[in-house]
Amino acid sequence: MKFFLDTADVIVIEKFVSTGIVDGVTTNPSLLCKQGKPPVIIIKKICAILSGKPVSVQVTEHDVDAVYKQAKKIASIAENVVVKIPCDIRYYNVIKKLAKEGVKINATLVFSVAQGICMCKLGVAYISPFIGRIDDIAECGMELVEDLRRALDLYKFKTEILAASIRSVDHVKESILAGADIGTVPPSIFEKMLHHPLTEEGMKRFNKDWKKLNIDMFP
Ligand code: G3P
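The working numbering numbers the first residue of the sequence shown as 46 and each following residue consecutively.
The structure is reproduced here in structure tokens:
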């Protein structure tokens, strides 16, 4: 299971990359907009920090030809850029063409097994089911991840399932157990998932007992 950070905040990315467990980053227009700086500068910085690990950057154009051209431009920003394209029917041909040309694609806004399988058939590297947004409409986002896992295994697709729209530590746990290849985690959840009150309490207790020995050096 790989962990990506779902943010465009360079400071936060630097902080968590130093833990050694970050395998990539995903951004989207909303996340880049929050940074208040030119997106290309931010993307270049993130790609450098990630040194070779994948960084998803979403297209913002709508017209099919414009999406193709923009995807090529985004892909040329750095060698570890993955182009995020919504799995909308209008972009199927563009996705297929880009994938054939060797552009790594993250098909985003996946809400059904059928959409996921279609994207696999077009040759994308990643599919992103949006767990939280499915939960938002009173359905079960995690079921989609489980179903996609079964479907991709059944038909032997190599496309990776990137669980997105993660809203809680529980979502992270369930994504792991559902067989997602990757979970992209917002920083606030990432921070939480690294801690457990019993770990901290246990360390304090061991430390307290150890001090009772009152020795200078060990071993
Ligand atoms: O990775 C996609 C993610 O950023 C969307 O999350 O919480 O806006 O549904 P959310």
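In this text, a Cβ means the ideal position worked out from N, Cα and C, and glycines have one as well.
DSSP state of residue i mapped onto helix, strand, coil
{"i": "E205", "result": "strand"}
{"i": "N151", "result": "strand"}
{"i": "L199", "result": "helix"}
{"i": "G228", "result": "strand"}
{"i": "I172", "result": "strand"}
{"i": "K6", "result": "Since the displayed the chain opens at 46 and closes at 264, residue 6 lies outside it and no answer follows."}
{"i": "G69", "result": "strand"}
Closer than 8 angstroms: residue i CB and nearest ligand 1 heavy atom
{"i": "A116", "result": "no"}
{"i": "P231", "result": "yes"}
{"i": "T153", "result": "yes"}
{"i": "F156", "result": "no"}
{"i": "S220", "result": "no"}
{"i": "F61", "result": "no"}
{"i": "L76", "result": "yes"}
{"i": "A53", "result": "no"}
{"i": "A209", "result": "yes"}
{"i": "T204", "result": "no"}
{"i": "T71", "result": "yes"}
{"i": "R212", "result": "yes"}
{"i": "R195", "result": "no"}
{"i": "R178", "result": "yes"}
Alpha-carbon spacing of residue i relative to residue j, whole angstroms
{"i": "Y113", "j": "G161", "result": "20 angstroms"}
{"i": "E191", "j": "G177", "result": "15 angstroms"}
{"i": "N138", "j": "N151", "result": "15 angstroms"}
{"i": "R135", "j": "K141", "result": "12 angstroms"}
{"i": "D108", "j": "M238", "result": "40 angstroms"}
{"i": "P84", "j": "D261", "result": "53 angstroms"}
{"i": "I211", "j": "T229", "result": "7 angstroms"}
{"i": "A159", "j": "S101", "result": "23 angstroms"}
{"i": "C78", "j": "T105", "result": "12 angstroms"}
{"i": "K145", "j": "A170", "result": "11 angstroms"}
{"i": "P74", "j": "M164", "result": "21 angstroms"}
{"i": "A111", "j": "I86", "result": "21 angstroms"}
{"i": "I234", "j": "K256", "result": "34 angstroms"}
Residue i vs residue j beta-carbon contact at 9 angstroms
{"i": "I227", "j": "K47", "result": "yes"}
{"i": "L50", "j": "P174", "result": "no"}
{"i": "I206", "j": "L193", "result": "yes"}
{"i": "P33", "j": "G69", "result": "This structure does not reach residue 33, given that the chain is present from 46 up to 264, and the question cannot be answered."}
{"i": "A265", "j": "A123", "result": "Within the shown structure, residues of the chain are numbered from 46 to 264, placing residue 265 beyond reach of any answer."}
{"i": "Q103", "j": "T72", "result": "yes"}
{"i": "H216", "j": "M248", "result": "no"}
{"i": "A208", "j": "A196", "result": "no"}
{"i": "K149", "j": "V126", "result": "yes"}
{"i": "C132", "j": "I88", "result": "no"}
beta-carbon residue i near ligand 3 non-hydrogen atom, thresh 8 angstroms
{"i": "F175", "result": "Ligands present in the displayed structure are limited to ligand 1, and ligand 3 is not among them."}
Going along the chain, which unbroken runs of the beta strand (DSSP E) with 3 or more residues stay wholly within the segment 102-138? 126-131
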